[in-house]
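Sequential numbering from 0 applies to the sequence shown in numbering that gives the first Met the number 0.
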Amino acid sequence: MKIAIFGYGIVGKGVYDIVTGNKLSYIEVAKILRRKGSEKSLPIITDDFNDIINDDSIDTVVECLGGLEPARTYVIESMKRGKNVVTSNKLLLATCYDELIDLAHEKGVYLLFEASVGGGIPFIENLISISRVDEITGFKGIINATINYILYRMTKESIDFDVALKEAQGKGYAEADPSSDIDGDDVLYKTIVASNVASGKSYSIDNILKFGVRNLTKEDIAFFTENGLVVKLIAEYDGINKMLLVMPELFDKYTAIANVPLNNNYIEITCKTEGRLSFEGQGAGRYPTAHSVVQDLVRIHQKSAKPELTTDKVVVCYKDFTDKFYVKRKGEKGHFVNGMNEKELRSDDILFVAKVN
Ligand SMILES: NC(=O)c1ccc[n+]([C@@H]2O[C@H](COP(=O)([O-])OP(=O)(O)OC[C@H]3O[C@@H](n4cnc5c(N)ncnc54)[C@H](OP(=O)(O)O)[C@@H]3O)[C@@H](O)[C@H]2O)c1
Numbered sequence: 000m001k002i003a004i005f006g007y008g009i010v011g012k013g014v015y016d017i018v019t020g021n022k023l024s025y026i027e028v029a030k031i032l033r034r035k036g037s038e039k040s041l042p043i044i045t046d047d048f049n050d051i052i053n054d055d056s057i058d059t060v061v062e063c064l065g066g067l068e069p070a071r072t073y074v075i076e077s078m079k080r081g082k083n084v085v086t087s088n089k090l091l092l093a094t095c096y097d098e099l100i101d102l103a104h105e106k107g108v109y110l111l112f113e114a115s116v117g118g119g120i121p122f123i124e125n126l127i128s129i130s131r132v133d134e135i136t137g138f139k140g141i142i143n144a145t146i147n148y149i150l151y152r153m154t155k156e157s158i159d160f161d162v163a164l165k166e167a168q169g170k171g172y173a174e175a176d177p178s179s180d181i182d183g184d185d186v187l188y189k190t191i192v193a194s195n196v197a198s199g200k201s202y203s204i205d206n207i208l209k210f211g212v213r214n215l216t217k218e219d220i221a222f223f224t225e226n227g228l229v230v231k232l233i234a235e236y237d238g239i240n241k242m243l244l245v246m247p248e249l250f251d252k253y254t255a256i257a258n259v260p261l262n263n264n265y266i267e268i269t270c271k272t273e274g275r276l277s278f279e280g281q282g283a284g285r286y287p288t289a290h291s292v293v294q295d296l297v298r299i300h301q302k303s304a305k306p307e308l309t310t311d312k313v314v315v316c317y318k319d320f321t322d323k324f325y326v327k328r329k330g331e332k333g334h335f336v337n338g339m340n341e342k343e344l345r346s347d348d349i350l351f352v353a354k355v356n
């Protein structure tokens with residue numbers, strides 16, 4: 000198997016290190032794409048995409064660039080030339096899902112993306128294998144390592160959001176512009192990708208209720224602690240009611256999910272006959288994420304069955320929520336309310352909202 004890696008950053012270099020490490024002699028890294036002007040520390044590094052696309056001996060490309068362009072163009076051109084694609088890019092998948100899935104079907108190539116959701120946790124692969132024999136009725140959990148780190152540190156040390164964010168940036172978990180994490184967009188992209196796999200359909204990204212943690216303060220956290228609660232940013236998929244939700248949620252301090260530490264992720268999958276399964280592990284970082292990418296390469300090498308994914312459209316719908324919520328509006332102190340409907344949740348004056356479990 001001959002591969003090319005697009006991008007030599009955190010994930011791309013991790014993939015190179017693992018593949019060239021020791022056990023995977025059947026995978027050859029033929030080329031690595033870096034930007035023009037970058038240091039060419041290895042002879043296989045190129046800054047010309049054409050060197051890769053025109054090399055028919057390269058059967059599989061690994062996209063670790065991030066962002067939409069040129070990642071989208073490179074992935075599409077690679078599939079058009081009959082190359083398999085492995086990507087860790089949730090933004091690309093969430094926004095171009097139908098186009099990429101349809102093209103992979105048309106060209107008969109693999110499009111695998113284990114690392115795009117849950118970092119090192121084998122989440123997507125389990126959704127694929129469970130859905131072959133059972134109905135996935137839902138999943139729920141923590142799928143953003145940066146925000147889990149920030150919330151964990153705020154809860155443990157009573158520190159401000161900005162202090163915890165700086166710590167996360169210092170450890171390399173948070174990007175220089177962390178808006179996508181803080182406002183819940185990163186979790187939204189991952190939730191869509193995972194819901195599509197769980198359902199075998201394609202959820203529309205429009206209209207999904209999404210809340211972040213931008214206006215969470217240490218005073219809110221102190222109030223949660225007084226009430227024996229811990230806040231986590233949660234991805235929720237209810238396949239029966241076609242409901243996707245990205246929202247901070249409050250859990251009893253003694254539950255497993257409330258105690259997920261640092262940059263870890265934790266996901267529970269519920270299935271019709273198998274019941275509930277849970278997964279915990281590192282949700283980000285060079286080697287956990289690269290491990291998931293390499294697992295996809297091994298699946299391609301072993302000619303594993305391709306996932307049964309379609310682009311049949313599904314639109315989310317929301318019933319009134321009967322749950323208890325913590326709501327903080329402009330000019331008000333945060334307080335608990337019982338039940339909220341979609342219209343109330345979409346109100347502009349909400350600064351922070353969390354669902355109580
Ligand atoms: N880091 C994680 O823990 C993690 C976990 C799960 C998923 N992911 C996903 O994996 C992807 C990569 O993330 P990352 O953390 O590895 O990012 P990163 O460290 O910024 O690496 C991206 C690499 O791609 C290169 N690049 C960007 N545009 C390019 C272009 N036009 N031509 C050639 N090279 C280009 C960058 O070069 P420069 O250095 O010159 O900019 C950089 O080396 C993203 O989609 C991310 O969401 C990351």
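Even for Gly, the Cβ is constructed at its ideal location relative to N, Cα and C.
Because the structure is a prediction, the values reported are computed rather than measured.
Handout entry: threonine 309 and glycine 13 closer than 8 Å at C-beta
Key = The residue labelled residue 309 in the question sits at position 310 within the sequence shown. The residue labelled residue 13 in the question sits at position 14 within the sequence shown. Not closer than 8 Å, so no.
Practice task
Find out if the Cβ-Cβ distance for the pair alanine 70, aspartate 54 is shorter than 8 Å.
Solution key: To locate residue 70, count along the sequence shown from 1; it is residue 71. To locate residue 54, count along the sequence shown from 1; it is residue 55. No, the pair does not count as a contact, with Cβ atoms beyond the cut-off.
Exercise for the section: Give the single residue among Gly183, Gly171, Thr269 whose Cα lies nearest to the Cα of serine 198. Expected result: Along the sequence shown, read from residue 1 onward, the residue named residue 198 stands at position 199. The shortest Cα separation from serine 198 among Gly183, Gly171, Thr269 belongs to Thr269.
Handout entry: Euclidean distance between Cα positions of tyrosine 73 and cysteine 95
Key = Position 74 of the sequence shown holds residue 73. Position 96 of the sequence shown holds residue 95. Straight-line Cα distance between these residues: approximately 13 Å.
Handout entry: Straight-line gap, leucine 99 to threonine 136 (C-alpha atoms, nearest Å)
Key = Counting from one through the sequence shown, the residue named residue 99 turns up at place 100. Counting from one through the sequence shown, the residue named residue 136 turns up at place 137. Going from the Cα of leucine 99 to the Cα of threonine 136 covers about 25 Å.
Problem - Option in Tyr148, Asp319, Arg285 with minimal Cα separation from tyrosine 265 - result: Residue numbering aside, residue 265 sits at position 266 when the sequence shown is read from its first letter. Answer by Cα proximity: Tyr148.
Handout entry: Cα-Cα separation between lysine 217 and alanine 173, rounded to whole angstroms
Key = Counted from its first residue, the sequence shown places residue 217 at position 218. Counted from its first residue, the sequence shown places residue 173 at position 174. For lysine 217 and alanine 173, the distance between alpha carbons rounds to 19 Å.
Handout entry: Rounded straight-line distance, which links the Cα of lysine 342 to that of aspartate 319
Key = Position 320 of the sequence shown holds residue 319. Position 343 of the sequence shown holds residue 342. Spanning the two alpha carbons is a distance of roughly 9 Å.
Problem - Nearest-angstrom Cβ-Cβ length linking phenylalanine 278 and isoleucine 120, presumed shorter than 8 Å - result: As a working mapping, residue 278 is identified with position 279 in the sequence shown. As a working mapping, residue 120 is identified with position 121 in the sequence shown. At roughly 5 Å, the Cβ-Cβ gap stays under 8 Å, so phenylalanine 278 and isoleucine 120 are in contact.
Handout entry: Beta-carbon spacing of serine 203, valine 116 below 8 Å
Key = Against the sequence shown, residue 203 aligns to sequence position 204. Against the sequence shown, residue 116 aligns to sequence position 117. The answer is no: Cβ separation not under 8 Å.
Exercise for the section: Determine the DSSP secondary structure at isoleucine 44, reduced to helix, strand or coil. Expected result: Locating residue 44 in the sequence shown gives position 45, where the first residue counts as 1. If DSSP states are grouped into helix, strand and coil, isoleucine 44 belongs with the strands.
Handout entry: Segment limits, beta strand (DSSP E) that includes leucine 32
Key = The sequence position of residue 32 within the sequence shown is 33, counting from 1. Note, leucine 32: beta strand (DSSP E), 27-32.
Practice task
On a CA-only basis, which of Leu350, Asn258, Gln294 is nearest methionine 246? Give me that one, please.
Solution key: Residue 246 sits at position 247 when you count from the first residue of the sequence shown. Ranking the options by Cα distance to methionine 246, first place goes to Leu350.
Problem - Nearest candidate by alpha-carbon position, reference aspartate 251, set Leu296, Lys241, Gly227 - result: As a working mapping, residue 251 is identified with position 252 in the sequence shown. The option with the nearest alpha carbon to aspartate 251 is Gly227.
Problem - Close Cβ partners of valine 18 (< 8 Å) along its chain, the five nearest in sequence each way excluded - result: Within the sequence shown, numbered from 1, the residue matching residue 18 stands at position 19. Only Ile2, Ile26, Val28, Val293, Leu296 meet the Cβ criterion.
Problem - Any non-hydrogen atom of ligand 1 within 7 Å of arginine 71 CB - result: Residue mapping note: residue 71 aligns to position 72 of the sequence shown, counting from 1. Not under cutoff, so the answer is no.
Exercise for the section: Round the Cβ separation of lysine 209 and glycine 183 to the nearest angstrom and send it over; I've been treating them as touching at under 8 Å. Expected result: As a first step, residue 209 is located in the sequence shown; it is residue number 210 there, counting from the start. As a first step, residue 183 is located in the sequence shown; it is residue number 184 there, counting from the start. Rounded, the Cβ-Cβ distance is 5 Å, consistent with contact.
Exercise for the section: Give me the Cα-Cα distance between glycine 20 and cysteine 63, rounded to the nearest whole angstrom. Expected result: Taking the first residue of the sequence shown as position 1, residue 20 is located at position 21. Taking the first residue of the sequence shown as position 1, residue 63 is located at position 64. Spanning the two alpha carbons is a distance of roughly 19 Å.
Practice task
Out of Gly171, Val108, Met78, Ile207, state which residue places its alpha-carbon closest to the alpha-carbon of valine 186.
Solution key: For this step, residue 186 is matched to residue 187 along the sequence shown. Measuring from the Cα of valine 186, the nearest candidate turns out to be Ile207.
Practice task
Pick out the complete alpha helix (DSSP H) segments inside the stretch 96-135, 4 residues or longer, and give them in chain order.
Solution key: 122-132
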